[in-house]
Amino acid sequence: MSSLSPVKLLTLLVVAVLLLLLLIVGVLLTDTLLNIRENLEQAPVWVFYLVLSAFGLFSLFSGWLIMRLLRPKKILESTQTVVHPVDEESLHEKLQQTKLNGIDTAQAEHELEKLKQRRQAGIIHIALFGEISSGKSSLIKSLLPESEIEISVTGGTTQNLQEYSWTSPAGDQLILTDMPGLNEIGENKKSLSQQEALRSHLVIYVCDGDLTHSQLEELHILSELKKPVILVLNKTDRLSQAEQDLLKSSLEKRAKELGISSVVAISSGGSQQAIRIKPDGSEEAFLRQLPAQLDPLKLSIQRSIDENSETLEKLRDSAVFTLISSQLDEARDEQRDQQALELTRSYSKKAVVAAIAAITPGTDILIQGYLATQMVKELSELYQVPVRKMDVDLLLKLVQKHVRTHITLLLAVAGNALKAFPGAGTLAGGVLHAIAYGFLFETLGKSLAKSLQSRGELHPLQVASQFEDNLGENIKASAGFYTRMALKEFSNKS
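Note that the numbering used here numbers the sequence shown so that position 176 is 216, with each residue one more than the last.
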């Protein structure tokens with residue numbers, strides 16, 4: 041038998057000691073309970089019930105305390121943003137207020153005008169989505185034989201939003217908008233496609249097989265628009281009936297998980313390569329035209345229109361209002377970011393000037409502390425974030441701590457930047473400190489602005505951490521700018 045290792049021996053010893061302690065505790069507890077029982081039997085009845093009640097109350101209090109400790113704090117629940125629906129009246133108020141703030145609202149106004157035109161036209165707008173070569177173009181060609189659409193066998197052909205007018209069997213006027221394949225376009229066009237989906241009454245998503253991971257993601261995004269989505273299984277002429285039933289069942293299960301209730305199977309027709317035998321026995325390849333089978337899709341579209349005509353209009357309007365509101369928010373954020381950059385550069389320049397103008401050593405520290413406090417307050421006012429003095433003080437203390445850690449690097453970079461200017465390398469250390477202050481204020485301002493915009497509150501630890509991360513990048517990028525500024529101020533002072 042092999043000898044046990046020291047680690048195993050130590051483990052066995054610890055386990056033995058723990059078991060022994062457990063045994064001792066069990067014996068003592070048993071003895072104590074027996075003594076209590078014996079004493080209660082000899083005591084009056086009211087004492088027995090008093091002890092029993094006290095034990096019950098202690099158990100209830102213990103359970104309540106454990107539940108309270110394990111339950112999530114209410115403050116966490118309150119941090120979740122409640123998104124209220126945007127109605128037309130509140131949107132117009134927001135638009136007017138945005139205008140008064142000097143923000144460009146042309147895009148939002150154009151969107152409202154486009155919505156007005158679509159309302160007056162009374163036409164149903166349908167957005168047609170699907171990956172490359174899922175059969176969208178063939179589907180439109182079958183619905184609208186007169187449309188000129190080039191169908192590619194090797195890849196998607198739809199690179200821009202294309203609109204087609206169509207009259208349903210019931211006489212409803214519809215506009216089909218053929219979207220680019222979401223996996224063949226850049227992020228900018230993908231965003232435009234999603235915006236167009238918001239403007240539509242109905243969304244159709246075309247696939248030709250089981251859903252891939254990327255298709256599921258796209259369907260998830262489309263289902264969150266809160267409007268009817270029809271999932272279409274195309275090219276069923278290539279499947280046997282058993283394969284078609286199995287695939288449709290799988291799609292219905294996936295669709296149900298996403299809140300999509302309508303799944304139809306169709307064949308958009310097209311052509312298929314085939315071989316025929318000539319009279320002389322030779323073979324000849326030719327393209328066989330496949331008949332289109334679109335009735336299930338037409339029926340599903342008509343049912344959505346007939347059963348939800350008013351709801352479709354309300355859902356479309358609500359989605360467009362939300363889109364316009366987000367466009368106004370983006371315009372506001374862009375203006376704020378630009379103003380924040382200008383404000384940061386302004387205070388950075390003031391910090392450089394203060395360092396050059398400082399008469400006695402140490403006075404620049406007081407001036408910079410005042411400037412930093414004012415910059416934090418003005419940026420917070422710009423982003424409409426209330427701040428407490430204790431948070432501002434904590435932020436500046438954390439920043440100063442990081443500055444002390446990186447001061448050598450800052451002065452070294454400032455010194456190297458000075459060497460690029462003939463005759464400037466021999467200037468006094470005040471110029472070096474002035475350049476360093478320019479770096480510091482710009483980095484602090486950018487870090488703070490980014491945090492205020494994303495978090496909507498002043499979080500000193502997060503801003504200080506971001507300040508340290510960005511410090512190295514900013515000093516390299518802005519070294520020349522603040523060196524020229526410091527030399528100019530030094531020259532003016534001289």
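For every residue, glycine included, the Cβ atom is placed at its ideal position computed from N, Cα and C.
Keep in mind the model is a prediction, meaning the values are calculated, not measured.
Within 8 Å, strictly: CB atoms of residue i and residue j
i: G175; j: N274; result: yes
i: V425; j: L492; result: yes
i: A504; j: V439; result: yes
i: V269; j: V243; result: yes
i: D277; j: S307; result: yes
i: A395; j: Y477; result: yes
i: S208; j: R356; result: no
i: D127; j: F361; result: yes
i: S302; j: S263; result: no
i: Y410; j: I475; result: no
i: R385; j: T138; result: no
i: L238; j: L368; result: no
i: L287; j: D250; result: yes
i: L236; j: L201; result: Going by the sequence as given, residue 236 is Glu instead of Leu. Result yes, Cβ atoms of E236 and L201 sit closer than 8 Å.
i: I164; j: I317; result: no
i: A148; j: L135; result: yes
i: I166; j: L232; result: no
Beta-bridge partners of residue i, as assigned by DSSP
i: W206; result: L214
i: L242; result: I166
i: F326; result: A314
i: I270; result: I244 and S302
i: V333; result: In the sequence on display, residue 333 carries Gln and not Val. The partner list for Q333 (beta bridge, DSSP) reads S307.
Buried versus exposed, by CB contacts within 10 Å (16 or more), residue i
i: H150; result: exposed
i: A391; result: buried
i: P500; result: buried
i: E258; result: buried
i: S102; result: exposed
i: S518; result: buried
i: L498; result: buried
i: G309; result: buried
i: G485; result: buried
i: L179; result: buried
i: M107; result: exposed
i: Q34; result: The first residue shown for the chain is 41 and the last is 534, placing residue 34 beyond what the model contains.
i: S130; result: exposed
i: F169; result: buried
heavy atom of the ligand FMN below 7 Å from residue i C-beta
i: K528; result: Because no ligand of any kind appears in the structure shown, any question about the ligand FMN cannot be addressed here.
Residue i versus residue j: straight-line alpha-carbon distance, rounded
i: R294; j: L327; result: 35 Å
i: N75; j: L90; result: 17 Å
i: K154; j: E297; result: 34 Å
i: S388; j: R376; result: 18 Å
i: V416; j: K354; result: 44 Å
i: L92; j: Q506; result: 58 Å
i: Q82; j: T72; result: 16 Å
i: L337; j: S254; result: 24 Å
i: F95; j: L60; result: 29 Å
i: R524; j: E171; result: 53 Å
i: L422; j: L381; result: 11 Å
i: L435; j: Q378; result: 23 Å
i: Q414; j: S420; result: 10 Å
i: S192; j: P319; result: Residue placement at S192 is flagged as unreliable, the pLDDT there being 40, under the threshold of 50; the coordinate-derived value follows with that caveat. Rounded to whole angstroms, S192 to P319 spans 33 Å at the Cα level.
i: L105; j: V304; result: 55 Å
i: M430; j: H132; result: 39 Å
i: E292; j: A489; result: 47 Å
i: Q157; j: Q329; result: 40 Å
i: E508; j: G496; result: 21 Å
i: G87; j: N79; result: It should be pointed out that residue 87 corresponds to Val in this sequence rather than to Gly. The alpha-carbon atoms of V87 and N79 are separated by roughly 10 Å.
i: P555; j: S494; result: The shown model of the chain, from 41 to 534, leaves out residue 555, and the question about it has no answer.
i: W206; j: Q333; result: 17 Å
i: L100; j: T51; result: 39 Å
i: Q281; j: V272; result: 16 Å
Reduced DSSP secondary structure (H/G/I, E/B, other) of residue i
i: S518; result: coil
i: Q424; result: coil
i: M430; result: helix
i: P46; result: helix
i: I341; result: helix
i: A83; result: coil
i: P220; result: coil
i: S174; result: coil
i: D346; result: helix
i: S118; result: A caution first: S118 carries a pLDDT of 36, below 50, which makes its placement in the model too unreliable to give a value.
i: E497; result: coil
i: L265; result: coil
i: I608; result: The question about residue 608 has no answer, for the chain in this structure spans 41 to 534.
i: T72; result: helix
i: L279; result: coil
i: G478; result: helix
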